[in-house]
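Respectively, the protein sequence lines represent chains A and B.
Sequential numbering from 11 applies to the first sequence in this note's numbering.
Sequential numbering from 3 applies to the second sequence in this note's numbering.
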Amino acid sequence: MMSLPFVLFACGLGAAWMRQRGVAMGFWAVGLVVMLVLFRVHVTEVLNIQL
Amino acid sequence: MSADLSRLLNAVGLLAISTVLALALIDQIWFGELPCPLCILQRAGFFAAGFGIALNLIYGPKPSHYGIAIIGAVSGGAISMRQILLHIVPGTGSYGTPVFELHLYTWAFIAFVCTVIGCAVLMLDDRQFSRVEPMSARLKPLPLSALLLFLALAIANVASTVALCGAGFCPENPSDYMLFHTTPI
Chain A
11 MMSLPFVLFA CGLGAAWMRQ RGVAMGFWAV GLVVMLVLFR VHVTEVLNIQ L
Chain B
3 MSADLSRLLN AVGLLAISTV LALALIDQIW FGELPCPLCI LQRAGFFAAG FGIALNLIYG
63 PKPSHYGIAI IGAVSGGAIS MRQILLHIVP GTGSYGTPVF ELHLYTWAFI AFVCTVIGCA
123 VLMLDDRQFS RVEPMSARLK PLPLSALLLF LALAIANVAS TVALCGAGFC PENPSDYMLF
183 HTTPI
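Here's what the structure looks like:
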């Protein structure tokens, strides 16, 4: 699961290399969303900061 | 600034990002410091940022490519900032060994900020965008090396993350590679 962003970015680089710009940007966008979702999943602790 | 000079500077930038990612892998493999989930996501953030720079190398400089790099760097920076805030209060611990008195997530945040500033500075010169460049069939050695290194590091990180976490989520404080961990019978 955690390797998914790397897989998507690597696929995007491959698509860019094959001159498929739209596909490459699609892979990047999905990879970014997956990365941010995984970030959200791992943000479980409350910050120990009193403002 | 010509498109060729812009490509050269982008190649240097991509090599800088690749160096950061390579050092993180060396720290993991050579020194045995296994990355936490947030550390892995920060690596992904570097790939998200470097992706835009890689597109600049392949297709020539475009504002949208710089935008991709900036969005990726801001996302990665948010992740490293979260990890900094987790440990910012004295006595709340830290993760990993400091390098030059700063932890790797702090260095990562600095690198993300530098990426955003670098992209913003490069975007200041409009002349690189004025000429519609034909897609060159061949890349020059430096951009080509930067691209191949970046792609190799992406594949290496897939292998590393699968070895560390298997198919699921990573443990908060990994102590061993889950893929190679065998439970005693």
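We put the CB at the ideal spot given by N, CA and C, even for glycine.
Bear in mind the structure is a predicted one, so any value in this text is a computation, not a measurement.
Among the options, the one whose alpha carbon lies nearest that of residue i
i              : options                           : result
M12 (chain A)  : B:H183, B:A161, B:S177 and B:D178 : B:A161
I72 (chain B)  : B:G120, B:A110 and B:V91          : B:G120
T54 (chain A)  : B:F182, B:G168 and B:P39          : B:P39
C167 (chain B) : B:A158, B:I157 and B:D178         : B:D178
L23 (chain A)  : B:L149, B:A158 and B:M180         : B:L149
L146 (chain B) : B:L43, B:L25 and B:I60            : B:I60
V52 (chain A)  : B:F182, B:I70 and B:G170          : The sequence shown places His at residue 52 (chain A), rather than the Val named in the question. Ranking the options by Cα distance to H52 (chain A), first place goes to B:G170.
Y68 (chain B)  : B:A75, B:V76, B:G54 and B:S77     : B:G54
H105 (chain B) : B:V14, B:L87, B:A13 and B:H183    : B:L87
T2 (chain B)   : B:H183, B:S20, B:L16 and B:C41    : Residue 2 (chain B) is absent from the model: chain B starts at 3 and stops at 187.
Y97 (chain B)  : B:C116, B:N12, B:E174 and B:A122  : B:E174
C-beta contact flag for residue i and residue j at 8 angstroms
i              : j              : result
S8 (chain B)   : P65 (chain B)  : no
A81 (chain A)  : L57 (chain B)  : Residue coverage of chain A in this structure runs from 11 to 61, which leaves residue 81 (chain A) outside it and unanswerable.
A18 (chain B)  : L155 (chain B) : no
A50 (chain B)  : F19 (chain A)  : yes
G47 (chain B)  : S77 (chain B)  : yes
L151 (chain B) : V164 (chain B) : no
M45 (chain A)  : L153 (chain B) : no
C-alpha distance - residue i paired with residue j, whole-angstrom precision
i              : j              : result
F16 (chain A)  : W32 (chain B)  : 21 angstroms
F131 (chain B) : L124 (chain B) : 11 angstroms
C172 (chain B) : L14 (chain A)  : 12 angstroms
R45 (chain B)  : H89 (chain B)  : 19 angstroms
A26 (chain B)  : S4 (chain B)   : 33 angstroms
G93 (chain B)  : I28 (chain B)  : 29 angstroms
L10 (chain B)  : L144 (chain B) : 8 angstroms
I157 (chain B) : C21 (chain A)  : 10 angstroms
L42 (chain A)  : F114 (chain B) : 15 angstroms
F49 (chain A)  : S20 (chain B)  : 22 angstroms
V101 (chain B) : V56 (chain A)  : 27 angstroms
P176 (chain B) : T117 (chain B) : 29 angstroms
D128 (chain B) : Q30 (chain B)  : 41 angstroms
G15 (chain B)  : V22 (chain B)  : 11 angstroms
N12 (chain B)  : R29 (chain A)  : 19 angstroms
V91 (chain B)  : Q85 (chain B)  : 12 angstroms
H183 (chain B) : I70 (chain B)  : 38 angstroms
A122 (chain B) : D6 (chain B)   : 18 angstroms
C-beta neighbour in chain E for residue i, strict 8 angstroms
i             : result
V47 (chain A) : The question asks about chain E, but that chain is absent: this structure's protein chains are A and B.
### Task
Would you list, in chain order, the members of the region 107-119 of chain B that have their beta-carbon closer than 7 angstroms to a beta-carbon of chain A?
none
### Query
Quick one, which residues of the region 73-92 of chain B are near chain A if we go by CB-CB under 8 angstroms, in chain order?
I73, G74, S77, A80, I81, R84, L87, L88, I90 and V91
### Query
Three or more beta-carbon pairs under 8 angstroms between the region 72-81 of chain B and the region 105-119 of chain B, yes or no?
yes
### Message
Using a Cβ distance threshold of 8 angstroms, determine whether the region 31-47 of chain A contacts the region 29-37 of chain B, with at least three qualifying pairs required.
### Response
no
### Message
Under 8 angstroms, CB to CB, which of the residues in the region 15-43 of chain B have a partner in chain A?
### Response
P39, L40, I42 and L43
### Task
Would you list, in chain order, the members of the region 20-44 of chain A that have their beta-carbon closer than 8 angstroms to a beta-carbon of chain B?
A20, G22, L23, G24, A26, W27, R29, R31, A34, M35, W38, G41 and L42
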